[in-house]
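Only one structure is covered here, and it is reproduced in the block below.
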Amino acid sequence: MEWIADRYRREPAGRSPDGILNPARDRLSGAVVSVLHVPAPADAGGVAAEADRLRRYARVRHPHLAEVREVEAHPGSLDVVCEPLRGRVLSSGEHSPVTTVQDVQRLAGDVLEALAALHRSGVVHGAVSERCLLLSHRTGPTTELEVTLLPLPAVPPGDGGGATATRSDDVRAAATTFLALLDRTPKQGLDASVLAAGLARALRRAGGVGPPADSEAARELQAAEVVAREGGAPPGGAAPRDSSTSAPDGERSSRTKAPPRGTATDR
Numbered sequence: 001m002e003w004i005a006d007r008y009r010r011e012p013a014g015r016s017p018d019g020i021l022n023p024a025r026d027r028l029s030g031a032v033v034s035v036l037h038v039p040a041p042a043d044a045g046g047v048a049a050e051a052d053r054l055r056r057y058a059r060v061r062h063p064h065l066a067e068v069r070e071v072e073a074h075p076g077s078l079d080v081v082c083e084p085l086r087g088r089v090l091s092s093g094e095h096s097p098v099t100t101v102q103d104v105q106r107l108a109g110d111v112l113e114a115l116a117a118l119h120r121s122g123v124v125h126g127a128v129s130e131r132c133l134l135l136s137h138r139t140g141p142t143t144e145l146e147v148t149l150l151p152l153p154a155v156p157p158g159d160g161g162g163a164t165a166t167r168s169d170d171v172r173a174a175a176t177t178f179l180a181l182l183d184r185t186p187k188q189g190l191d192a193s194v195l196a197a198g199l200a201r202a203l204r205r206a207g208g209v210g211p212p213a214d215s216e217a218a219r220e221l222q223a224a225e226v227v228a229r230e231g232g233a234p235p236g237g238a239a240p241r242d243s244s245t246s247a248p249d250g251e252r253s254s255r256t257k258a259p260p261r262g263t264a265t266d267r
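Residue numbers (UniProt numbering): 1 to 267.
Structure (structure tokens):
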């Protein structure tokens, strides 16, 4: 029974009120919600597992996690009803609102903290990428960007089940995503270059360690902002550039030698 489709009337394309993602209107209360129609594994067992994971996701509360109300499973897909999701997905192909290294640093820290909240509740996100990052501007006197982590399926369509994602997979995927975003972000001035170097080091470290890395990495990303204010060296190094390229091989430590992007493994 498709009770979500019966209860919520989807708004016509192009009529999204207040920039709400996938808006639908509750036929009973008239309230607007967001309904995500997401793909799921083709087999019934995989769909049931995804539905269970998303229902556990719904019990976790964090300012940077989408608030899930209801989940309904269908063959090969899931309907996920959320509180109104305002903003646009980072991978939408539109001009990116991320314009400074400080934006990347703040968003990365927020996402890592949101992942830590999921992990403390025993939930793995499993699909961290640009397509699950919803960006909006904070209401009030500031125009800072806000990020919301969307509850997308942990198993990509057509994966056939695959290996179960782990907490360290989440952290590594977040680090890889924000390293790529950092590469595309303009770096104007010495302060921005220094902050970018420290941020890249913290992200690489986050991507190369085990499950506890999310909270530790969030603290490192916050500390990186001090570097830009004080004009000092990035965390973990004595020079603005990466220490793996500034010291002889015999003097490099395993702590400062950054793994290649996207190739970190669980330890």
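Every residue, glycine too, gets a C-beta built ideally from N, C-alpha and C. Being a predicted model, the structure only gives us computed values, none of them experimental.
Check whether the Cβ atoms of residue i and residue j lie closer than 9 Å to each other.
i, j, result
"residue 275", "residue 104", "Examination of residue 275 is not possible in this model, given that the chain is present from 1 through 267 alone."
"residue 172", "residue 126", "no"
"residue 272", "residue 115", "Residue 272 is absent from the structure shown; the chain starts at 1 and stops at 267."
"residue 144", "residue 62", "no"
"residue 153", "residue 40", "yes"
"residue 97", "residue 23", "no"
"residue 133", "residue 150", "yes"
"residue 135", "residue 195", "no"
"residue 123", "residue 57", "yes"
"residue 174", "residue 101", "no"
"residue 51", "residue 67", "no"
"residue 60", "residue 70", "no"
"residue 131", "residue 21", "no"
"residue 205", "residue 179", "no"
Opposite residue i in the DSSP bridges: which residues?
i, result
"residue 84", "Paired residues: none, contrary to the question."
"residue 79", "37, 72"
"residue 146", "136"
"residue 8", "26"
"residue 32", "25"
For the putative contact between residue i and residue j, defined by C-beta atoms under 8 Å, what is the C-beta separation to the nearest angstrom?
i, j, result
"residue 38", "residue 65", "Not quite, the Cβ-Cβ distance comes to about 16 Å (not below 8 Å), so this is no contact."
"residue 8", "residue 47", "20 Å between Cβ atoms; not a contact."
"residue 182", "residue 200", "6 Å"
"residue 76", "residue 42", "5 Å"
Can you look up residue i in the DSSP assignment and give me helix, strand or coil?
i, result
"residue 73", "strand"
"residue 26", "strand"
"residue 3", "helix"
"residue 190", "helix"
"residue 277", "Any answer about residue 277 is impossible in this case: the structure gives the chain only from 1 up to 267."
"residue 60", "coil"
"residue 128", "coil"
"residue 123", "coil"
"residue 252", "Residue confidence for residue 252 is low, a pLDDT of 37 falling below 50, so the modelled location carries little weight; the figure read from the coordinates is stated next. Coil."
"residue 89", "strand"
"residue 261", "In this prediction, residue 261 has a pLDDT of 44, which is less than 50 and means its spatial position is unreliable; what the coordinates show is noted afterwards. In this structure, residue 261 counts as coil in the three-state DSSP scheme."
Of all the CB atoms in chain B, is at least one closer than 9 Å to the CB of residue i?
i, result
"residue 125", "Protein chains in the displayed structure number just one, and chain B is not present."
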